[in-house]
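Number of protein chains: 4
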Amino acid sequence: MLSFESDYIKGAHEKILERLCEMNQDPQPGYGSDACCERAKEKIRKACGCPDADIFFLTGGTQTNAIVIDGMLRPFEGVIAADSGHVSVHEAGAIEFTGHKVLTVPGADGKIQPKVLRGYLENFWNDGNHDHMVFPGMVYISHPTEYGTLYCRKELEDLADICQEYQIPLYMDGARLGYGLMSKESDLTLQDIARLCDVFYIGGTKVGALFGEAVVFTRHNTPKHFITRIKRQGGLLAKGWLLGVQFDVLFTDDLYYEISRQAIRTAEQMKQGFLERGYQLLIDSPTNQQFVILENTEMERLKEKIGFSFWEKIDDAHTAVRFAASWATTESEVRELLKILDEIHEEKEG
Amino acid sequence: MLSFESDYIKGAHEKILERLCEMNQDPQPGYGSDACCERAKEKIRKACGCPDADIFFLTGGTQTNAIVIDGMLRPFEGVIAADSGHVSVHEAGAIEFTGHKVLTVPGADGKIQPKVLRGYLENFWNDGNHDHMVFPGMVYISHPTEYGTLYCRKELEDLADICQEYQIPLYMDGARLGYGLMSKESDLTLQDIARLCDVFYIGGTKVGALFGEAVVFTRHNTPKHFITRIKRQGGLLAKGWLLGVQFDVLFTDDLYYEISRQAIRTAEQMKQGFLERGYQLLIDSPTNQQFVILENTEMERLKEKIGFSFWEKIDDAHTAVRFAASWATTESEVRELLKILDEIHEEKEG
Amino acid sequence: MLSFESDYIKGAHEKILERLCEMNQDPQPGYGSDACCERAKEKIRKACGCPDADIFFLTGGTQTNAIVIDGMLRPFEGVIAADSGHVSVHEAGAIEFTGHKVLTVPGADGKIQPKVLRGYLENFWNDGNHDHMVFPGMVYISHPTEYGTLYCRKELEDLADICQEYQIPLYMDGARLGYGLMSKESDLTLQDIARLCDVFYIGGTKVGALFGEAVVFTRHNTPKHFITRIKRQGGLLAKGWLLGVQFDVLFTDDLYYEISRQAIRTAEQMKQGFLERGYQLLIDSPTNQQFVILENTEMERLKEKIGFSFWEKIDDAHTAVRFAASWATTESEVRELLKILDEIHEEKEG
Amino acid sequence: MLSFESDYIKGAHEKILERLCEMNQDPQPGYGSDACCERAKEKIRKACGCPDADIFFLTGGTQTNAIVIDGMLRPFEGVIAADSGHVSVHEAGAIEFTGHKVLTVPGADGKIQPKVLRGYLENFWNDGNHDHMVFPGMVYISHPTEYGTLYCRKELEDLADICQEYQIPLYMDGARLGYGLMSKESDLTLQDIARLCDVFYIGGTKVGALFGEAVVFTRHNTPKHFITRIKRQGGLLAKGWLLGVQFDVLFTDDLYYEISRQAIRTAEQMKQGFLERGYQLLIDSPTNQQFVILENTEMERLKEKIGFSFWEKIDDAHTAVRFAASWATTESEVRELLKILDEIHEEKEG
């Protein structure tokens, strides 16, 4: 069945599988100490314009968030996040499992507004009682956010300035980073992000890899003995080269950008198609996820033919749902989607 | 200096000290296995009308919250609390230290409204994605709340009904329980609370004891090997009889009630005095804490003569402050406070 | 370079890669809720003779140990392990990270002897002071052990009996389980293990898969909401079908057994070759890992030509090293190894 | 009944109670920010000859160990302790609860021998695989040990040298420190200890106080925001002055030394009495705890008349038991004990 359920419904880009099969019988040293990981790291450093960055590969997003955040925070600190942030809501308490609080601030379409961040920090430091509170020790943002929205360069610079002023690191969850970078509305490059963030990760799982995320510490600010910490938190892959090979391919000949651009293209066709047919969007997302409001009866009909995901209830008769394009989505799949929408519409009208 | 800074500025009621001095040279078995603890537990069971309750004594409020909440929650669960709850804001992340999330809901003057609780639970269980979220596993309320407000019997019954419906325990933080019970506005008895809550604690530190809180598990629902858990979390007092003797005295001849009533009496004189002098209250508290709005200049003058605590900024010219009465507050102290207020007023007018 | 450094130096069995490539473009639901995982589970249930077993796939061994052990223990309990156990020594404190103690007992060539286990448990329960101690709540064994040794059926039955008597689960770390089952000295079948253990895992990472371990709860004794616990501990793979497909292939047409048998065959050729050449073994291992004592000078010469791993220092002139065969080791590789040994010997003699 | 069951069976030295009662009605600022704590700290600094030491008061020993050890260790580190150490065995996993491993080494009568420590550290750092192991990040010793034994100055200097060489802190658990300092066999002063240890605590609970331990960081090496960490771990006492007043009295006019000396005197009379009567000692303890081997029948008779504690089984007919003297033990109590021993002996002979 045609599916837009998420951006991780398919395996990996063909080039990754090819390379993986080629290397399959070559003996490799364990735990990411192989040449392939080294090559991938070097390519990422170049792409980031950050020759001295420290890079680590991890298996998935929640694991990455837990290990990076626990690694950067001191014991008496928590991480500031938007109330809709993935670490706040959808990681089953993985941050709290490491002993740290997620300090939520109200988000604006998934983003932390600089003035909200500043207000939070000012209030904390002005409160004479803050020795009995969790210290804000880091800022977590996702880009694109869980709502598909993007920070503009000015916003990211402002957040970075505030973090620098309060001497706390800025961390970007880039699970869908490629789709953010290739959005037509983005005025941020990977180099900008590497310059403005203290640490961020480049998502592979949702952007062309079988699995894997590349963590970039941009200022030689890796927590000490990070490999041991990864091991302690159960995230060290024996065959680490499996992660290296995927990012090596993704960062060869701009493949990461190219497949992300393709996802944006199909997402825009999808969005255009919805708008032309009079659908309302929940949020105006410039990235690969599109949030559309459907009548419940129409939603039920559509569900029989196409995969998509429930997002939130709007009212008794309407529901917001998500259609996700990905690196693997084709233009003909979008045409098929729109054709089915038209058919349902005609049946209804007829 | 005359001080209303908190309800824990003084030591213990004289009768407690007397009894403690009498017992000082009697050898006692360790860790609360003594006859004095047993006596105190028996008296509390009677006062609660709960002959089978399991009772444990701990040293302080944050310790008690962390041990009880961690003890009652399963690993994948968090505790629901008002956003102003002590466990949410003022315990330095003690709950998260145990690996659990505090799931905040918007409070109403410090209270969780039954409909808000119901809405939260319904939303959680309706969300198809909740396997990736922290399960709501317990409800934490404070009574009186951090704002000095009280649940009425109907509200507590509604909360208890909802908890029963969802099969999660209701936990009451009774750091200032005596002041709640003796408030003129209270329609809840200790027996009601024991009947409606699954676990609660009777605060000693702020109500006549040197230190100590009595945890009451009302349905033989004590977590297994609770003593070992207390030890593991660093809360087991070698000379546990020190806690027993204090609660033994507090629950002899209704001393706990009597001294709480005295605090309510002086708190009301204070409140009356403020209102007669035209002061605005931040919250209309029927218990021992009074939250008054002062002009900043007046606040500065007052600060030189009397101890009280900063609560929150109202605007550039006004601040809300807290005056706490306690078991140790006398009527002459209140008269002295009001006299000083009048003097400052006269100076200003003059 | 010819390498016997570990059993995870190569990728996956060809059949796994083929199947993975075939499925690469098929959309799959996330987090292991796909048909391929279901198929794999069904095959494992059959192989275990345990139709009602609950099965979960995880990414690696340390992650699996941490999630299973934390999942089975109650907060006041620790896990008993041999002092040489992987969880005791080589997992960077992953168990302690979850808040639990590893209670070590002296191992015998990596194994826990039933009488040692019984002694430990008797001592604990006889100690009047045990409320201040960590309760033994589970037994962890590895099979094959870290020294390549095996439990015989009698030993496993005795351990299982003791665990049942004390009502604590028996957990087997089967990172190299296939090599244990196919050892000529093994009198244990997979069905025996499923019958005797409360939970165990079938290792994929070291036995033919790219990565992945299959956890088997044999008595419908899965900890509640285990998926949420996995998520909380950062172990939930978005594309869970990647694990399913690997175990589906491994448990089709006895592939898991067949490739394990192949590793045992080459390991025995290796062992035979060492013994014929007069080498001493550190331990007489009947599985895929061989522990050989080398003169240091010879070791240095060999290191230039062949990969193997340091095990432990014997004396100033000798070192024990490990040669690991795996599913991917060929007979010609073993012949090549023995040829090189002979060459080095001749040079030395010459 | 006459009891030698432990050194915490009685309350506090009279002078402490007197002072506490005097201060009972004086309002004090909360959480240890009072003048009395300040005075006590100043006196302890003087006694330690360590004018710049940072000092904190905590409630009990397990709490202190957990907070100090968690505070000093980095996340990837564990604490080295003797296998008989209190943190290893009798704190219900309180260290593991904070996420850290206790790395045990074989003790010699409760002590870590310098050569054993050096061997452990050398082995760890020589192991090429140590990235997968828990890093040794601190050394924990108890003085007197759990067996009543003492480090001599040379041993402590050697341990301190090794710690300095490996740049890890040396921590002394001084739950019974006074009895160590006043032992006739001690060649260590409090100043020596303050000079050689990075952090240690002076026990109050077992040495004259109702409860309380004074932690001394000797090199301005307090973990950052230590008050917040104490709060987070549930150890912050609201009426912190209760701890201050006790140590203020204990360190006035050498009271701490004086009462400790008295305990040593009675312990020695006890020991002498046992030896004169032909009893065997389990360990030759020069401090307040005496470990005596009794025939089981005699032990049962004695149990009816005197409190003492079970230590360990020797053989089917004999048991080692502990008699503890304390600051509160009188010479007449010892005479009474010896008289009862004689009576039991006579009955048996008769």
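So the protein lines, in turn, are chains A, B, C and D.
So that you can map any letter, position 332 of the first sequence is 390 in this note's numbering, and since no number is skipped, the others follow by simple counting.
So that you can map any letter, position 235 of the second sequence is 293 in this note's numbering, and since no number is skipped, the others follow by simple counting.
So that you can map any letter, position 208 of the third sequence is 266 in this note's numbering, and since no number is skipped, the others follow by simple counting.
So that you can map any letter, position 224 of the fourth sequence is 282 in this note's numbering, and since no number is skipped, the others follow by simple counting.
All residues carry an ideal CB built from backbone N, CA and C; glycine is no exception.
As the structure is a prediction and not an experimental result, all values here were calculated from the model.
7 Å Cβ cut-off: residues of chain B touching residue i
i            : result
residue 67/D : 85 and 86
Other residues of its chain near residue i: CB distance less than 7 Å, five sequence neighbours each side excluded
i             : result
residue 5/C   : Any question about residue 5/C goes unanswered here, given that chain C covers just 59 to 408.
residue 328/C : 348, 381, 383, 392 and 395
Member of the options whose CA lies at the smallest distance from the CA of residue i
i             : options                       : result
residue 385/C : 186/C, 243/C and 263/C        : 263/C
residue 223/B : 179/B, 203/B, 208/B and 401/B : 179/B
residue 197/C : 405/C, 371/C and 139/C        : 139/C
residue 255/C : 129/C, 173/C, 88/C and 111/C  : 111/C
residue 304/C : 78/C, 68/C and 131/C          : 78/C
residue 119/C : 291/A, 114/A and 250/A        : 291/A
residue 62/D  : 167/D, 74/D, 311/D and 379/D  : 379/D
residue 151/B : 289/D, 127/D, 302/D and 257/D : 289/D
residue 344/A : 306/A, 243/A and 137/A        : 243/A
residue 132/B : 387/C, 286/C and 367/C        : 286/C
residue 390/C : 402/C, 369/C, 362/C and 331/C : 331/C
residue 194/A : 207/A, 226/A, 217/A and 208/A : 226/A
residue 72/D  : 334/D, 358/D, 357/D and 308/D : 308/D
Within chain D, the residues that residue i reaches when beta carbons sit closer than 8 Å
i             : result
residue 121/B : 292 and 293
Residue j beta carbon less than 8 Å from that of residue i
i             : j             : result
residue 33/A  : residue 340/A : Because chain A is modelled from 59 through 408, residue 33/A falls outside the range shown and cannot be assessed.
residue 158/B : residue 190/A : no
residue 86/C  : residue 299/C : yes
residue 232/A : residue 266/A : no
residue 192/A : residue 174/A : no
residue 115/C : residue 238/C : no
residue 201/A : residue 235/A : yes
residue 276/A : residue 108/A : yes
residue 125/B : residue 293/B : yes
residue 165/D : residue 185/D : no
residue 170/A : residue 199/A : yes
residue 310/C : residue 99/C  : no
residue 113/D : residue 103/D : yes
Contacts of residue i in chain D (Cβ-Cβ under 7 Å)
i             : result
residue 134/A : 283, 286, 287 and 290
Residues bridged to residue i (per DSSP)
i             : result
residue 349/D : 341/D and 380/D
residue 371/A : 377/A
residue 61/D  : 365/D
residue 115/D : 272/D
residue 151/C : In the DSSP output, where bridge partners are listed per residue, residue 151/C has none listed.
8 Å Cβ shell around residue i - same chain, five flanking residues per side excluded
i             : result
residue 240/B : 315, 318, 319, 321 and 322
residue 211/B : 245, 246 and 250
residue 146/B : 139, 140, 160 and 162
residue 372/D : 340, 351 and 378
Per-residue contacts from residue i into chain C (C-beta, under 8 Å)
i             : result
residue 376/B : In chain order: nothing, as chain C lies at least about 45 Å away.
residue 92/B  : Neighbours of residue 92/B on chain C: none; closest Cβ ~15 Å, over 8 Å.
residue 101/A : The contacting residues do not exist; residue 101/A stays about 21 Å from chain C at best.
residue 149/D : 190
Interface residues of chain D facing residue i [CB-CB closer than 9 Å]
i             : result
residue 190/A : 89, 285, 286, 289 and 294
residue 157/A : 156, 157 and 290
Other residues of its chain near residue i: CB distance less than 6 Å, five sequence neighbours each side excluded
i             : result
residue 136/C : 158, 159, 161 and 192
Residue i: contacting residues in chain B (beta-carbon distance under 8 Å)
i             : result
residue 193/C : 283 and 286
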